[in-house]
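Quick notes on the structure that follows.
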Amino acid sequence: MARRSFHFLHLHPSPSLLQTQLAHSRFFKSGLTADAHLAAKILSLYVTHHRFTDASAFLLSLPEPETFFFSSLISSLSSSPFSFLSLSLLPRMLSLRFLLDPFVLSSALKACAALPSLIAGRSLHVIAVVSGLCNDPAILSSLLHLYLKCGFQTDAHKVFGRMPQPSVVAYSALLANAASRGSIAVVKRLLYQMQMSGVEPNSITWNGLIAGFSRSGHPHEALSMLQSMHFEGCGLDSVGVSSALSAVGDVEDTWVGLQIHGCSIKHGFYSDVCVVSALINMYGKCRVTEEMSKVFDEVGHMDVGSCNALVAGFARNGLVCEAVMRFRSFQEQRIELNVVSWTSIVACCAQNGKDVEAMEFFREMQGVGIRPNSVTIPSLLPACANIAALMNGRSAHSFSLRSGISHDVYVGSALIDLYAKCGRVREARVVLDAMPIKNVVSWNAMLGGYAMHGRANDAIDLFCLMEVSDQKPDSVSFTCLLSSFSQAGMKDEGWLFFHKMEKEYGIAARMEHYACMVSLLSRAGKLGEAYKFMGEMPFYPDACVWGALLGACRVHGEVRLGEIAAENLFKLEPQNAGNYVLLSNIYAANGIWDGVGRVRDEMKRLGVRKNPGCSWIEIKNKVHMLLAGDSSHAEMEQIVERLKKLGVAMKRLGYQPSTNFALQNVEEQDKEEMLCGHSEKLAVALGLISTCPGTPLRVIKNLRICGDCHVAIKFISEFERREILVRDTNRFHLFTNGKCSCGDYW
Numbered sequence: 001m002a003r004r005s006f007h008f009l010h011l012h013p014s015p016s017l018l019q020t021q022l023a024h025s026r027f028f029k030s031g032l033t034a035d036a037h038l039a040a041k042i043l044s045l046y047v048t049h050h051r052f053t054d055a056s057a058f059l060l061s062l063p064e065p066e067t068f069f070f071s072s073l074i075s076s077l078s079s080s081p082f083s084f085l086s087l088s089l090l091p092r093m094l095s096l097r098f099l100l101d102p103f104v105l106s107s108a109l110k111a112c113a114a115l116p117s118l119i120a121g122r123s124l125h126v127i128a129v130v131s132g133l134c135n136d137p138a139i140l141s142s143l144l145h146l147y148l149k150c151g152f153q154t155d156a157h158k159v160f161g162r163m164p165q166p167s168v169v170a171y172s173a174l175l176a177n178a179a180s181r182g183s184i185a186v187v188k189r190l191l192y193q194m195q196m197s198g199v200e201p202n203s204i205t206w207n208g209l210i211a212g213f214s215r216s217g218h219p220h221e222a223l224s225m226l227q228s229m230h231f232e233g234c235g236l237d238s239v240g241v242s243s244a245l246s247a248v249g250d251v252e253d254t255w256v257g258l259q260i261h262g263c264s265i266k267h268g269f270y271s272d273v274c275v276v277s278a279l280i281n282m283y284g285k286c287r288v289t290e291e292m293s294k295v296f297d298e299v300g301h302m303d304v305g306s307c308n309a310l311v312a313g314f315a316r317n318g319l320v321c322e323a324v325m326r327f328r329s330f331q332e333q334r335i336e337l338n339v340v341s342w343t344s345i346v347a348c349c350a351q352n353g354k355d356v357e358a359m360e361f362f363r364e365m366q367g368v369g370i371r372p373n374s375v376t377i378p379s380l381l382p383a384c385a386n387i388a389a390l391m392n393g394r395s396a397h398s399f400s401l402r403s404g405i406s407h408d409v410y411v412g413s414a415l416i417d418l419y420a421k422c423g424r425v426r427e428a429r430v431v432l433d434a435m436p437i438k439n440v441v442s443w444n445a446m447l448g449g450y451a452m453h454g455r456a457n458d459a460i461d462l463f464c465l466m467e468v469s470d471q472k473p474d475s476v477s478f479t480c481l482l483s484s485f486s487q488a489g490m491k492d493e494g495w496l497f498f499h500k501m502e503k504e505y506g507i508a509a510r511m512e513h514y515a516c517m518v519s520l521l522s523r524a525g526k527l528g529e530a531y532k533f534m535g536e537m538p539f540y541p542d543a544c545v546w547g548a549l550l551g552a553c554r555v556h557g558e559v560r561l562g563e564i565a566a567e568n569l570f571k572l573e574p575q576n577a578g579n580y581v582l583l584s585n586i587y588a589a590n591g592i593w594d595g596v597g598r599v600r601d602e603m604k605r606l607g608v609r610k611n612p613g614c615s616w617i618e619i620k621n622k623v624h625m626l627l628a629g630d631s632s633h634a635e636m637e638q639i640v641e642r643l644k645k646l647g648v649a650m651k652r653l654g655y656q657p658s659t660n661f662a663l664q665n666v667e668e669q670d671k672e673e674m675l676c677g678h679s680e681k682l683a684v685a686l687g688l689i690s691t692c693p694g695t696p697l698r699v700i701k702n703l704r705i706c707g708d709c710h711v712a713i714k715f716i717s718e719f720e721r722r723e724i725l726v727r728d729t730n731r732f733h734l735f736t737n738g739k740c741s742c743g744d745y746w
C-alpha cells in the first residue's frame, strides 16, 4: 500500500509542487527511506519546481543518501540563485566519507565564484590539491573563473599557466577580465599568445573585450576590438552590438553609430530590446535627439528599458519638458515603470533646475508603490539642497536610514552636500564622521560645505584629517580649499596651498584653481596683482577667471579693470546677462549713467535678458518662490506691509538704505521702493509673517545678495531676534544679532 501512494509520481508526467511535498511527507512516514529511486525522483521534482531550499533540506534529512544525489543537486544549485546552498552540502558529503570527484569540486567552485567566496574557494582548491585533482581541466577552469571573479588576477594567471592547452573559454575569461580593468598591454599579450597557440577567438571572446573596454572607460579600444572582430571574419551578434553602441556614445561618434545602426537593421537585431535601448542611449549621448526619438517610435514593441533610455537621453540633453511629457505618456499607456524609470525622471528634473518637480515625482513614486533605492536618494537630494528644502531632505534621510542604505557612500555624500547647502554644517559633519566608508567625493562634499560658509580653518583641519585617513586629495579638494580661503580673505594660506598642490601632491593647477586665486587676490583689494597673475597663467583665462575679476571690480568700484574684464567676457559669453549686469552695476555705483545706458542698449541689440532676482524659502514643508518686483504671491499685501513697518523701525535705529544698489537714475525715494522689492527681502518678510517668533529662517537666492539687503537683513536679525540664513550664488550668510558670518567680506 505504501508504494501505491507514490504511484502518481511515476504515472503523472509533471507532478505538481503539492504532490511532490505530499510524496516527501509520505516518504518518511512509510519507512521507505532506503528507496534510492524514489528519493532521486523527489529531489528531481523539487529542482524542477525551483524549490532548492526544500531539495537541500530533503537530501540532508536522508539517513543513507547516494553519492549521485549530492553530485546532481550541487550541480543544479551552483547554476541557481541559491548557489550558497551547494556549499552547505559539502560537510555532509565529507562526513559520509564520500569522495569529492572533479564534477562535484568544479560545481562547488562555480558556486564560490557566484557568491563570491574566496575563503571557501581556497579551501576547495586545497582539497583538489590533496586529492590529486588540481590538474583536472574542469577544476582548473572553475578555479580560473573563481580567482578572476574575486579580483585575484595573479592567482588566476598561475592557474592559467598550469593548463596544458588553454581553451578558448579560458582565454576569453582572462581577456574579458583584463579589458574590464583597462589593461591594454595584457590584452595585447594574451591575444598574441592566443594566436601563437592556434586558438581562434570566437564571438564570446570579442564581445567580452568590447564590453570590458567599454565599461572600463576605454571606448576607443572597445571600437578597435569591434574593428578587429570584423576583420577576423567573426559575425556580429546582438551582444556585441549593444556593447559597441555604448562605446560609440562615449566617444560621441555619430557616423560610426549610424553604421552600426544600419548593421543592426540588416542582421535583424531590431527585435532585440537590448540593442534598441543601446541605440537610443547612443543617440542621446551623441546629442542627436531627433534620431533617438525616431528609433524609439519606429520600434513596434515598447519595453521599459527603451523607455528609460529615452527619458535619460532627453535629460542628458537638457530637454526636461520632453522627458516629462514622454514619462507621462508612458504612465497613460500603463507601461510598468520600474525604480530605474522613476529615478531617471527625478534625476532629470534635479539636474535641469526643476527642483520642485523632482520632489513631486519622488512623492508620486512612493505613492504608486515603487521603493526608492541607493541611486534614487542621491538623485533627489541635490534638488532639496538647491532650494534649501531641508524638511524634504530630512524625510529622504529618514527613508535611507529605515531602508538600510544610509551608509552607502553616494547617499552619504549627497546628504553631506544637502545639509551643508541648507546651512546645517554641523549635521553635515556628523554624517561624514558616521560614514563607515568614505571616498574622495565624501571628503570633497564636506570641504565644499566649509568653503560655502567661509570656514577656512575648519577646511584646513578636515584636509589634514583627510590625509591622515590615507585619502589622497584630488583637484576638486584643492578647489574647495582655495575657495574657502577666498571667502575668508586668507591670502597667505591661499598662496601656500596653491604652490603645495603641484610640488607636494603632483596636481597641476587647472583653470578653476587660477580662478580661486584671482578671486582671493581681487576680494582682498589686490586687483592689480590679480590682473598681473592672470597674465602669467599658462593658458588664456576663461569666463570663470574673468568673472572673478569683474565681480571684485564691482565690490571695489574699479571701473577701468571692470571694463577690461567685461569686454573679455562679452567675447566668451555674449549671451550671459550676468556679465552685462555687473558692468552696469559698476557704472551705476559710480554714477556713470551714460555707461549704464550703453550696456542696456547693447543688451537690447543682442537680445540678452537679465535674469530676475528669485528667492526661495521653505515654510511648513512647502517651498515658496518669490520674484523681485513680482506681486503675484497670495500674501504679497501682508509681506509689503511687514517690510514697511520694518523700514520705519530700522530707520529709527539708524538704518539708511544703500540706494547705490538701485541701478536706475531715478529719485532717491523711488530707489528705496525698488530696493524693498528685492526677492531676498520679500522671502525674509514672508518667513517673519508665517512662522513663530524666534524660528530660524533659510532663504536661497539665484543671484548674489546686494549690499543694501545685506545691511537690512543684519538689522532684521537683531530687531526680530531671528537667525536668518541666506545662501546666494557665492556663499552663505548667517545673520545673528545684527552680524553676518561673512564679516561683511563677500
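Residues in the sequence shown are numbered from 1 upward in steps of one, following UniProt numbering.
We put the CB at the ideal spot given by N, CA and C, even for glycine.
- By the Cβ test, the stretch 487 to 505 is not in contact with the stretch 527 to 542, since fewer than three Cβ pairs between them sit closer than 8 Å.
- Between Ala315 and Asn352, the C-beta gap is smaller than 8 Å, which places the two residues in contact.
- According to the DSSP assignment, Arg560 belongs to the alpha helix (DSSP H) that extends over Val559 to Leu572.
- Pairing Ile617 with Leu734 gives a Cβ-Cβ distance that is not under 8 Å.
- Thr205 counts as buried, since at least 16 other C-beta atoms from the protein chains shown sit within 10 angstroms of its C-beta.
- Spatial neighbours of His453 in its own chain (CB-CB distance under 6 Å, excluding positions within 5 residues in sequence) are listed in chain order as Val425 and Phe732.
- Listed as beta-bridge partners of Ile724 by DSSP are Leu697 and Phe735.
- The criterion of a C-beta distance shorter than 8 Å is satisfied by Cys544 and Glu512.
- Inter-residue distance for Ser483 and Val248 is about 37 Å (C-alpha atoms, whole angstroms).
- For the pair Ser379 and Ala358, the Cα-to-Cα distance works out to about 9 Å.
- Here the alpha carbons of Ser238 and Glu290 stand approximately 24 Å from one another.
- The closest CA to that of Ala515, considering only Tyr540, Gly506, Tyr505 and Ser142, is found on Tyr540.
- Under the three-state reduction of DSSP, Lys622 is assigned to strand.
- For Gln487, the enclosing alpha helix (DSSP H) has its first and last residue at Ser475 to Ala488.
- Sorting Gly607, Glu680, Ile713 and Ser80 by C-alpha distance to the C-alpha of Leu703 places Glu680 at the top.
- Between the stretch 404 to 422 and the stretch 644 to 656 there are fewer than three inter-stretch CB-CB distances shorter than 8 Å, so the stretches are not counted as touching.
- Only residues of its own chain outside the window of five on either side were considered, and among them Ser615, Ile617, Leu626 and Val699 have a CB closer than 6 Å to the CB of Ala683, listed in chain order.
- Residue burial annotation: Pro166 is buried, with at least 16 other C-beta atoms found within 10 angstroms of its C-beta.
- With respect to the C-alpha of Phe361, the residue from Val346, Asn373, Val368 and Val186 having the closest C-alpha is Val346.
- Of Asp155, Asp744, Lys149 and Val441, the smallest CA-CA separation from Asn177 is found for Lys149.
- Within the stretch 504 to 540, complete alpha helix (DSSP H) segments of at least 4 residues are found at 511 to 523 and 527 to 535, given in chain order.
- A residue is called buried when at least 16 other Cβ atoms come within 10 angstroms of its Cβ; Phe296 meets this threshold and is buried.
- Spatial neighbours of Gln638 in its own chain (CB-CB distance under 7 Å, excluding positions within 5 residues in sequence) are listed in chain order as Ile689.
- Val130 sits exposed, since fewer than 16 C-beta atoms from the chains shown fall within 10 Å of its C-beta.
- The distance from the Cβ of Ile377 to that of Ile405 is about 7 Å, consistent with a contact at the 8 Å cut-off.
- In the DSSP assignment, Ser615 is bridged to Leu626 and Lys701.
- Counting only runs of 4+ residues, the alpha helix (DSSP H) found wholly inside the UniProt repeat "PPR" (202 to 236) occupies 203 to 215 and 219 to 231, in chain order.
- Taking the C-beta atoms as reference points, Val199 is found nearer than 8 Å to Val168.
- Of the residues assessed, His624 falls on the buried side of the cut-off, its CB having 16 or more other CB atoms within 10 angstroms.
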